[in-house]
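From first to last, the protein sequence lines stand for chains A and B.
Taking my numbering, I'd label the letters of the first sequence as residues -8 to 349.
Taking my numbering, I'd label the letters of the second sequence as residues -8 to 349.
Note sheet for the following structure.
Protein chains: 2
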Amino acid sequence: MLIKNKNYRTVWMQDSFVYMINQQLLPHKFEIYKSKNYIQTANAIKTMIVRGAPAIGATGAFGIAQAALGFKGTNFEDFKEHIEKAEKILKSTRPTAHDLFYAIDFIKEKILKNSKIKNAKDDAVKYSNEYADWSAGLCRNIGEHGNRLIKNNQNILTHCNAGALACVDFGTALSPIRIAHYSKKNVFVYVDETRPRNQGSSLTAWELTQEKINHSIIADNAAGFFMKSKKIDFVIVGADRIAMNGDVANKIGTYSKAVIAKENSIPFYVAAPLSTFDIDAKSGNDIPIEERHEDELLYMHGIDENKIMRKIRIAPQESPAKNPAFDVTPAKYITGIITEKGVMKPTKEEIERFAANK
Amino acid sequence: MLIKNKNYRTVWMQDSFVYMINQQLLPHKFEIYKSKNYIQTANAIKTMIVRGAPAIGATGAFGIAQAALGFKGTNFEDFKEHIEKAEKILKSTRPTAHDLFYAIDFIKEKILKNSKIKNAKDDAVKYSNEYADWSAGLCRNIGEHGNRLIKNNQNILTHCNAGALACVDFGTALSPIRIAHYSKKNVFVYVDETRPRNQGSSLTAWELTQEKINHSIIADNAAGFFMKSKKIDFVIVGADRIAMNGDVANKIGTYSKAVIAKENSIPFYVAAPLSTFDIDAKSGNDIPIEERHEDELLYMHGIDENKIMRKIRIAPQESPAKNPAFDVTPAKYITGIITEKGVMKPTKEEIERFAANK
């Protein structure tokens, strides 16, 4: 992704350092966090310096590589034990992140196939970089497939941040928009603020600013108004999990936008890699919805006039809040799912056909 | 309304003082603003110490009464000129507030019917108080009619603040909820935060806290989730203007909630006095939508850990926002309109029948 006219990834490794865009400080400050060892990398995942399932996956892979490079002994059994300790620490940071587990298992297997520590260290670096490249490539492919659906001069609504910052690069929902922009199509993006955590107005808007893609932040409440006023041609969102019948779990509010899009005959697309499909979920009913802390609604973070970060309370002291973090959009509201292998209809048959070719 | 276990109105007059709940400070601080003369009262309307069309109407009436009481001369022509100066200043505070104009014209007519200044002063006090009582009574009637629709143990969703604070007392959308609570029904209120100005999480939640009515603040994004999960039995919102075909203009986000309520077969009611009907608007297409300043979305107000009021920026410096303040909900999504004369279907025939009996 372009930031201050330079190409960046969300996370990368150089020598034994892992570098990450510090997402705690965005959109107010752009800073690269430099992690010296796997303990610091684990901590960066935990404190959300890096966030978004694909980005966390790659960061976990780099963390294992750091652990390998940091080993000072000569005994392979000790080396193995050291890697397994790092695995445990890295996996414990975000216990529900499927990509993190997958990436760490992948690198660990490649490393421990060796018998010499030097070869294992070389493989750790090689395969963690390959993993990150593969992850970025998936997102690029999603962008290429999605771009074919976007016409010149279209107005696109997106929700939350399914951008490059959540991935290694390109993003999922933002990837088709990026590729459309790179291929000189004129697009305008309506960015849902995405309460309560404001990932739209903080992260998505920031990415679009950096890429010089025209956009406006809107209140989540205003998305329906713009759809009904025929100002929106197209909706693209990401997905946290997709059931085998095409029901999609994604950031709270996605369901509402999908219902209103259908009511106004506006195409509603979900962009996600095939790894987002959960073969254990027959339908959306099998996907549990995480309830997060009420403080996400009752307090806000931002900078004051002196650029000092502040946390303020915006609700009465006595009022409680309910904060479901995700909702499930039934397949009937979804026009198509944009994957790295192409665009599919959200039906059992199509999903099984794509899954077979994964 | 109950506040700290005492009965209050949003605005009232005693001797020559007008008292108002200072809504600039809510929900963080409860304070009564005391206005000494009509100039201060005009300023209180302008700076939104008092807000909400019916509350502004009564405040304007009291402002005219203050002007009458404050006149020191003996010549009735001078008195008349003085009242007209006050009228001009009071009407210029919020130029689109229909109730403000209506209330001021009503009092002015009553005052200037007299020929003696003393009688005019007496009438000013009498009729401004009558106006406020009448306005509160309308809202109470809306509450009584609406209460008949609410069953024990129901969960009700509301949007924005159509509460007592926007009126002289009781509110419009909150009045049925209040009366249901007073009549010992157990109700639970889901309070839409109502971005961008957060009237739900600041004012509605505060009113419910004071009345000890069970509630939770939710993100506007979560309303659909709770409707689909069958947690909401009933929706009540207020209205800014209603067209003669039953289309309703109200706070941005109302349209979205109405579409999702219909999709989930949940009754969706609008509560508003008959004065909200605009005989010049045949349909919602005739109602202009105000676009407000983008800063309402890009900044937030609240109190920090030391209870100091802060304004913080929550979006990138370079990102613009679009901020439509209202939307139009077509009549087909509305189950009924709760007025002071009873509940009507949102059809041309019903509206004309009620209007004839206004």
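Idealized CB from N, CA, C, for every residue including glycine.
Between the alpha carbons of A/A213 and B/S274 lies a gap of roughly 20 Å. Within chain A, the residues placing a beta-carbon under 8 Å from that of B/K302 are D295 and E296, ordered along the chain.
Secondary structure of A/I209 (DSSP, three-state): strand.
In the structure shown, the three-state DSSP call for B/A249 is helix. The Cβ neighbour count for B/S256, taken over all protein chains shown within 10 Å, is under 16; the residue is labelled exposed. Against chain B, the beta carbon of A/G215 has neighbours under 8 Å at G244, Y246, S247, V250 and D318, listed in chain order.
In this structure, DSSP gives B/F62 a state outside helix and strand, which the three-state scheme calls coil.
The C-alpha of A/I329 lies about 6 Å from the C-alpha of A/I133. Contact residues of the region 187 to 206 of chain B toward chain A are P187, N189, S192, S193, A196, W197, L199, T200 and H206 (C-beta to C-beta distance below 8 Å). When Cβ-Cβ separations below 8 Å define contact, A/L288 makes contact with chain B.
A/V159 sits in coil when the DSSP states are folded into three classes, being neither helix nor strand. Below the 9 Å Cβ cutoff, chain A contributes P18, V182, S192, A196, W197, L199, T200, H206, S207 and I208 as neighbours of B/S310, in chain order. The C-alpha of A/K313 is placed about 8 Å away from the C-alpha of A/E282. Straight-line measurement puts the Cα of B/D211 at about 6 Å from the Cα of B/E184.
Here B/K242 is buried: its Cβ has 16 or more other Cβ atoms, across all protein chains shown, within 10 Å.
Interface flag for A/I305 against chain B is set, since a Cβ pair is found closer than 8 Å. Around the beta carbon of A/Q308, fewer than 16 other beta carbons lie within 10 angstroms, which makes this residue exposed.
Counting only runs of 3 or more residues that sit fully inside the region 280 to 331 of chain A, the beta strand (DSSP E) segments are 290 to 294, 300 to 304, 317 to 320 and 327 to 330, in chain order.
For B/V41, DSSP assigns no beta-bridge partner whatsoever. Non-local C-beta neighbours of B/E341 in its own chain, meaning closer than 7 Å and more than five positions away in sequence, comprise M335, ordered along the chain. In this structure, DSSP gives A/K273 a state outside helix and strand, which the three-state scheme calls coil. Check the Cα spacing between A/E285 and each of A/V261, A/Y29 and A/A316: the tightest is with A/A316. Contact between B/R304 and A/I294 holds: their C-beta atoms lie close to 5 Å from each other, under 8 Å. B/I227 and A/K79 have their C-alpha atoms spaced approximately 51 Å apart.
Taking 8 Å as the CB threshold, A/E254 lines the interface with chain B. In chain B, no part has a C-beta under 8 Å from the C-beta of A/N146; the shortest such distance is about 11 Å. Here B/A347 is exposed: its Cβ has fewer than 16 other Cβ atoms, across all protein chains shown, within 10 Å. In chain order, M291, G293, I303 and I305 make up the part of chain B whose C-beta sits under 8 Å from the C-beta of A/M291. With fewer than 16 other CB atoms across the displayed protein chains lying within 10 angstroms of its CB, B/Y173 is exposed.
Residue state for B/S192 is assigned as helix, using DSSP reduced to three classes. Closest by C-alpha distance to B/G61, out of B/A49, B/I47 and B/K76, is B/K76.
For A/Q57, the secondary structure class from DSSP, reduced to helix, strand or coil, is helix.
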